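> Per my numbering, the very first residue in the sequence shown carries number 76; after that it's consecutive.
Note that the Cβ used here is the ideal one computed from N, Cα and C, for glycine as well.
As the structure is a prediction and not an experimental result, all values here were calculated from the model.
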Amino acid sequence: MELTLHNRTALITGASLGIGFAMAQVFYSAGARVAIIARREDKLAEAKSRISSVIAPSGARIEKFSGDVEDPATIARIYREVEASLGPVDILVNNAGRAAVKPFMAITDEEWRSDIDFKLMAAIRLSRLVWPAMQANRFGRIINILNIGAKSPGARTAPTTVTRAAGMALTKVMSAEGAPHNILVNALLIGQIRSDQIRRTHESLGSNQSLEEYITEFGKRLPMGRMGEAEEVANLGLFLASDASSYVTGCAINVDGGLSPAV
Numbered sequence: 076m077e078l079t080l081h082n083r084t085a086l087i088t089g090a091s092l093g094i095g096f097a098m099a100q101v102f103y104s105a106g107a108r109v110a111i112i113a114r115r116e117d118k119l120a121e122a123k124s125r126i127s128s129v130i131a132p133s134g135a136r137i138e139k140f141s142g143d144v145e146d147p148a149t150i151a152r153i154y155r156e157v158e159a160s161l162g163p164v165d166i167l168v169n170n171a172g173r174a175a176v177k178p179f180m181a182i183t184d185e186e187w188r189s190d191i192d193f194k195l196m197a198a199i200r201l202s203r204l205v206w207p208a209m210q211a212n213r214f215g216r217i218i219n220i221l222n223i224g225a226k227s228p229g230a231r232t233a234p235t236t237v238t239r240a241a242g243m244a245l246t247k248v249m250s251a252e253g254a255p256h257n258i259l260v261n262a263l264l265i266g267q268i269r270s271d272q273i274r275r276t277h278e279s280l281g282s283n284q285s286l287e288e289y290i291t292e293f294g295k296r297l298p299m300g301r302m303g304e305a306e307e308v309a310n311l312g313l314f315l316a317s318d319a320s321s322y323v324t325g326c327a328i329n330v331d332g333g334l335s336p337a338v
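1. Have a look at the DSSP bridge pairing and note the partners of A113.
2. According to DSSP, is M207 helix, strand or coil?
3. Starting from the Cα of V308, find the closest Cα among R269, V205, A135 and Q284 and give me that residue.
4. I need the DSSP call for T79, collapsed to helix, strand or coil.
5. Is DSSP giving V323 helix, strand or coil here?
6. Going by CA-CA distance only, name the one from I126, K295, D190 and S335 that's closest to G95.
7. Can you round the beta-carbon distance between Y92 and I218 to whole angstroms, since I take them to be within the 8 Å contact cut?
8. Judging by CA-CA distance, which residue of P298, A90 and I130 is the nearest neighbour of R173?
9. Report the residue from A262, P228, A233 and I153 whose alpha carbon sits nearest the alpha carbon of A244.
10. What does the alpha-carbon distance come out to for the pair G162 and L86?
11. Give the secondary structure of V237 by DSSP, where H, G and I count as helix, E and B as strand, and everything else as coil.
12. Output the distance between the C-alpha atoms of S250 and H277, rounded to the nearest integer angstrom.
13. Taking a contact to mean a Cβ-Cβ separation below 9 Å, would you say L204 touches I150 in this structure?
14. Is it true that the CB of P147 sits closer than 9 Å to the CB of M98?
15. Under a Cβ-count criterion, where at least 16 other Cβ atoms within 10 Å of its own Cβ denotes burial, should N329 be classed as buried or exposed?
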């Protein structure tokens, strides 16, 4: 089965590193016009350079747009720029995220607000912007990148798991409303994937292990004996973004190597 995104425009947030970068690279290689969004201009420039160095089908493009999706005005500005440069968005990947976990009583109102704005409201605002063109064109794909805590939150995992659970509910609501217009909305629930977030976690531990040693040792505790790779998430994202997924919507798919206790 050949998966192509020829003549499709994709917008991916949090795309300078990790899963977002891998998704952008795979989409570009499948022929899409790809807009990568992130806060740091230097990382975006590096990501664009790396992706554009890969041979891609005719019509593939990669463009960068910097900004903080926690800010509504920035989201609106980025969307206008993307549409002007690459055309109406056919595929939206809401991937912006960061680890934010504390005991419940230690989380301030500001921390709750920031996490909700960054993870949930950014997805809502961007989805609302891309929806009219998707509906008019009778084609849309929205992929929300969440984590497995959305289905099975534990102690000391807020605010992230709470915000991600809301993102899973949002996925289901939008899928039901989008289905009559061929707007398909799904979520990928991430487990332990080798990413920049893993690097930051390793640094915060102050371990004497190298990053590779940490990843290897941590991976041994997982069901498959290893961490997942960002490309493995991106490959599933490509399927969901393509015509091949034409009857798949409203799903929250674990991409975790069997880690989650919930199906």
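If we stick to the structure as given:
1. S141
2. The question names Met, but residue 207 in the sequence shown is Pro. Of the three classes helix, strand and coil, the one that applies to P207 here is helix, per DSSP.
3. R269
4. coil
5. coil
6. I126
7. With the sequence shown as reference, residue 92 is identified as Leu, and Tyr is not the correct amino acid for it. With 8 Å as the limit, L92 and I218 do not qualify as a contact, their Cβ atoms being about 17 Å apart.
8. A90
9. A262
10. 11 Å
11. helix
12. 36 Å
13. yes
14. no
15. buried
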